[in-house]
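Quick note: the sequence shown uses our numbering, first residue 1334, plus one each step.
Heads up, the beta-carbon is just placed ideally off N, CA and C, and yes, glycines get one too.
As the structure is a prediction and not an experimental result, all values here were calculated from the model.
Worksheet: the structure to be examined is printed underneath.
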Amino acid sequence: MTTALTAQHPVVVVGGGIGGVAMALALGRQGHRVQLLEQADQIGAIGYGVQMGPNVMPMLDFLGVGQAAREAAYLPKEIMLYDYLTGQTLSHIPLQTPEFAQRYQSQPYIAIHRVDMHELLLKACQPHANISLNQSTTVTGYSQTEDGVTLETAQGPCIQAAAVVACDGLRSRLRAQMHPSDVPRESGYVAHRSLIPMSQAPAHVQQRQSVTMWAGPGLHVIYYPLRNASLLNIVLVVRLPQHVSSTQDDGYPAYLADLLSQAQPEPQQVARLVNLDRRWAIADREPMRGWHDGRVCLLGDAAHATLQSLAQGAGMAIEDVVCLSQLMSTHGPDVAAAFKAFERARFLRTARVQWVSRHMWEDYHCGGVQAQVRSDIFSQRDVDDHYRCLDWLWTPQAMVA
Ligand SMILES: Cc1cc2nc3c(=O)[nH]c(=O)nc-3n(C[C@H](O)[C@H](O)[C@H](O)COP(=O)(O)OP(=O)(O)OC[C@H]3O[C@@H](n4cnc5c(N)ncnc54)[C@H](O)[C@@H]3O)c2cc1C
């Protein structure tokens, strides 16, 4: 099969999450005709925060939105991890010291409102007449010939593409077509997210300028300021026990109250501010090669969904975008060669994020002797050790793929 990119049809990006909008922008800036298809009736983010390590900002600079992201972001001073049962500090990672700046090329660690991130990416797309953004379009499958790809949609019309980048997330339909037996790995945990005015947070939480996390058996709670510290973003993650099949069960509030009653006062207070009505089932994917099929390629969570322990799912999607768009430029019309090179370039790094995140998830939520051993190991680490553990991830990647 030949896989030349033709000018006749656009490159289609499926999914208008952070990965999809960033991909449309990157391709549009390179002069490709791009059509983005999003199933929701509005391309936009759910309104919570996202953290991004110093590896991500140079990628945003490459996309021309780095300055806008810096302006919209909150810059936490440190990451604090505590044991919610004992109150012991497990790790303290400063984010604004000269050592941090020297190590990570003076790039900041940021926390940003997802709506702001989406808006600045969408705004950057606006001047490019070659980018078209389509909403209310659910892609249900694809077929391809030597000349291009046909996308089927739930709404009826088929859409022709020269190539397809599938950024359709953790539960990607296009991945399911490529790998029918591969399904998300459900973690058994659910996340509740809330954004509250900072003025409603406990006084001592208002003083914090950190990403603060409390972890232990069955749950963790993480919070950090957003938008000039006018808001507090809170994520409460809870393991569903066997006798409670969903957060809608009558037994859930009592179960959660019992878990929280064992926690230190601060995580209890913050967790109680969270709205339990909305929840997200937490899942990831097995690291697996095979991200492309001819002219169709997976990107972001569709390719390598991870648990959020390292707070890098969106960061990896943005790194993917820079890498893939550069490779599509290098390989010119041979889109299959670009897709192959993309997987080669990105597989091990993203697989490492997936594996390390699972390992950390275990560290966060263990109890008993395992937790004592974990705490003992953590107590022997100094700041430099933490940086060394994160260097592989946080050091900005070379731009030229
Ligand atoms: C609680 C929580 C906290 C997190 N915190 C962080 C963090 O701090 N830092 C970080 O980097 N990452 C974090 N992540 C991970 C991050 O949110 C994801 O990795 C990231 O959003 C993936 O982006 P994406 O564009 O690949 O997919 P998504 O954001 O899932 O976007 C997929 C898009 O595709 C659309 N879509 C799906 N199917 C179709 C279809 N068939 N047709 C058309 N459109 C479709 C969806 O509507 C959606 O808009 C967190 C995740 C969770 C759950």
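Checklist entry - What are the residues that DSSP puts in a beta bridge with residue 1566? => result Answer is 1528 and 1557.
Checklist entry - Can residue 1729 and residue 1437 be called in contact, C-beta distance under 8 angstroms? => result yes
Checklist entry - Taking DSSP as the reference, what is the three-state secondary structure of residue 1588? => result Taken through DSSP and simplified to helix, strand or coil, residue 1588 comes out as helix.
Checklist entry - In this structure, does DSSP put residue 1425 in helix, strand or coil? => result strand
Item to check | Reduced DSSP secondary structure (H/G/I, E/B, other) of residue 1444 | outcome: strand
Next on the checklist: Considering only heavy atoms of ligand 1, does any lie closer than 7 angstroms to the CB of residue 1369?
Outcome noted: no
Item to check | Residues near residue 1335 by beta carbon distance below 6 angstroms, same chain, minus five either side | outcome: Annotation note: pLDDT 42 at residue 1335 (below 50); position unreliable, coordinate value reported separately. Taken in chain order, the residues that qualify are 1479.
Item to check | Beta-bridge partners of residue 1546, as assigned by DSSP | outcome: 1414 and 1555
Checklist entry - Can you tell me whether residue 1641 is buried or exposed, with buried defined as 16 or more other CB within 10 angstroms of its CB? => result Buried.
Next on the checklist: Going by the DSSP bridge assignment, what does residue 1407 pair with across the sheet?
Outcome noted: 1444
Next on the checklist: Taking the alpha carbon of residue 1603 as the reference point, which residue from 1678, 1526, 1587 and 1574 has its own alpha carbon closest?
Outcome noted: 1526
Checklist entry - Relative to the C-alpha of residue 1594, which residue among 1419, 1386, 1345 and 1713 is closest? => result 1419
Checklist entry - Out of curiosity, what's the CA-to-CA distance linking residue 1556 and residue 1622? => result In this structure, the straight-line span from the alpha carbon of residue 1556 to that of residue 1622 is close to 34 angstroms.
Item to check | 7 angstroms Cβ shell around residue 1421 - same chain, five flanking residues per side excluded | outcome: 1415 and 1708
Checklist entry - From 1558, 1651 and 1596, pick the residue whose C-alpha is nearest to that of residue 1409; which is it? => result 1558
Checklist entry - Helix, strand or coil for residue 1349 per DSSP? => result DSSP places residue 1349 in coil when its eight states are reduced to three.
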